[in-house]
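Contents: one structure, followed by commentary.
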Amino acid sequence: DVKVTQSSRYLVKRTGEKVFLECVQDMDHENMFWYRQDPGLGLRLIYFSYDVKMKEKGDIPEGYSVSREKKERFSLILESASTNQTSMYLCASTLGLGYGYTFGSGTRLTVV
Amino acid sequence: GESVGLHLPTLSVQEGDNSIINCAYSNSASDYFIWYKQESGKGPQFIIDIRSNMDKRQGQRVTVLLNKTVKHLSLQIAATQPGDSAVYFCAENTSGTYKYIFGTGTRLKVLA
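Same order as they appear, the protein sequences are chains F and S.
My numbering numbers the first residue of the first sequence as 1 and each following residue consecutively.
My numbering numbers the first residue of the second sequence as 1001 and each following residue consecutively.
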């Protein structure tokens, strides 16, 4: 069974901390994505990557950066966490254009 | 519990009845559509997809209907079971792009 694994289910961080959210997929997918999910707003795309070391901004990249050093791993970085970044973060991967996503279980991040 | 579904419309159905969940999509250029199911505390899970050259597609207990004229998508679940209780949302995509637009979702509650 194919899998997208997010390293943490729950995280609590302090304002100003640098936060790393890790995502690993075992499907040899080219494309990986980071979304955040908030009540009433649905899923919003933060960043995506279509190849190793490649990245593209999504709709809400401000306050975030990403790293894709290896094909299977896509990291989301909050350079200086703020309370408005409290959210559910979802990682996804896809085989390519025209294919649906496989999502991870999500990381619920609380910034205090 | 998870707060993802705090502001969602809710559909309550009796166990064994059929459920119909609707979605109005936004982009007339979208030609690929997916329904996802998200249980509390978990990431979204692929249920069924449909491409714009089809009006209807059936899976196991689920059927997706696509009406391109009015930009409407529906998910029908036959003989709804307690395990179907979740948030359901649609996603739309345009060929040649990586980006999906997600609906905000509908909460399905199955009454025993």
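Beta carbons are placed, not taken as given, at the ideal position from N, Cα and C, and that holds for glycine.
No experiment lies behind these values; they were computed from the predicted model shown.
Requested in this report: Give the residues of chain F in contact with Gly1096 of chain S, contact being defined as C-beta atoms less than 9 Å apart.
Outcome: Chain F residues near Gly1096 of chain S: Leu97, Gly98.
Report task. Give the DSSP-derived three-state secondary structure of Gly1041 of chain S in the structure shown. Result -> The three-state secondary structure of Gly1041 of chain S, taken from DSSP, is coil.
Report task. Mind checking which residues open and close the beta strand (DSSP E) that includes Leu43 of chain F? Result -> Run containing Leu43 of chain F: 42-49, per the beta strand (DSSP E) assignment.
Query raised in the report: Which of helix, strand or coil does DSSP assign to Asp1017 of chain S?
Result: The answer is coil: DSSP assigns Asp1017 of chain S none of H, G, I, E or B.
Query raised in the report: Given a threshold of 16 other Cβ atoms within 10 Å of its Cβ, counted over all protein chains shown, does Leu1111 of chain S qualify as buried or as exposed?
Result: Leu1111 of chain S should be labelled exposed.
Query raised in the report: How many Å lie between Ser105 of chain F and Glu22 of chain F at the Cα?
Result: Taking C-alpha positions only, Ser105 of chain F is separated from Glu22 of chain F by approximately 12 Å.
**Report entry** Contact set for Gly1103 of chain S: own chain, Cβ-Cβ below 6 Å, skip 5 residues either direction
**Finding:** Closer than 6 Å at Cβ, skipping near neighbours: Cys1023, Phe1089, Cys1090.
Query raised in the report: Leu1075 of chain S: buried (16+ other C-beta within 10 angstroms of its C-beta) or exposed?
Result: Under the 10 Å beta carbon count, Leu1075 of chain S is surrounded by 16 or more other beta carbons and is classified as buried.
Report task. Using only the heavy atoms of the ligand PLP, determine whether one of them is closer than 8 Å to the beta carbon of Glu22 of chain F. Result -> This structure lacks the ligand PLP, and indeed carries no ligand of any kind.
Query - Stretch-stretch touch, CB-based, cutoff 8 Å, three pairs: the stretch 77-92 of chain F with the stretch 27-45 of chain F - result: Taking a cut-off of 8 Å for Cβ pairs, the stretch 77-92 of chain F and the stretch 27-45 of chain F touch, as three or more such pairs fall below it.
Query raised in the report: How long is the line joining the alpha carbons of Ser80 of chain F and Thr1080 of chain S, rounded to whole angstroms?
Result: Going by the C-alpha atoms only, they are around 45 Å apart.
Query raised in the report: Whole-angstrom Cβ separation of Asp1055 of chain S and Phe1033 of chain S, contact assumed at under 8 Å?
Result: Your pair Asp1055 of chain S and Phe1033 of chain S does not check out as a contact, with CB atoms roughly 12 Å apart and the cut at 8 Å.
Query raised in the report: Could one say the Cβ of Glu56 of chain F lies closer than 9 Å to chain S's Cβ atoms, at least one of them?
Result: Glu56 of chain F belongs to the set of residues whose beta carbon lies under 9 Å from a beta carbon in chain S.
Report task. Let me know if Ser1019 of chain S comes out buried or exposed under the rule of 16 or more other beta-carbons within 10 Å of its beta-carbon. Result -> For Ser1019 of chain S, the number of other beta carbons within 10 angstroms of its own is at least 16, and it is reported as buried.
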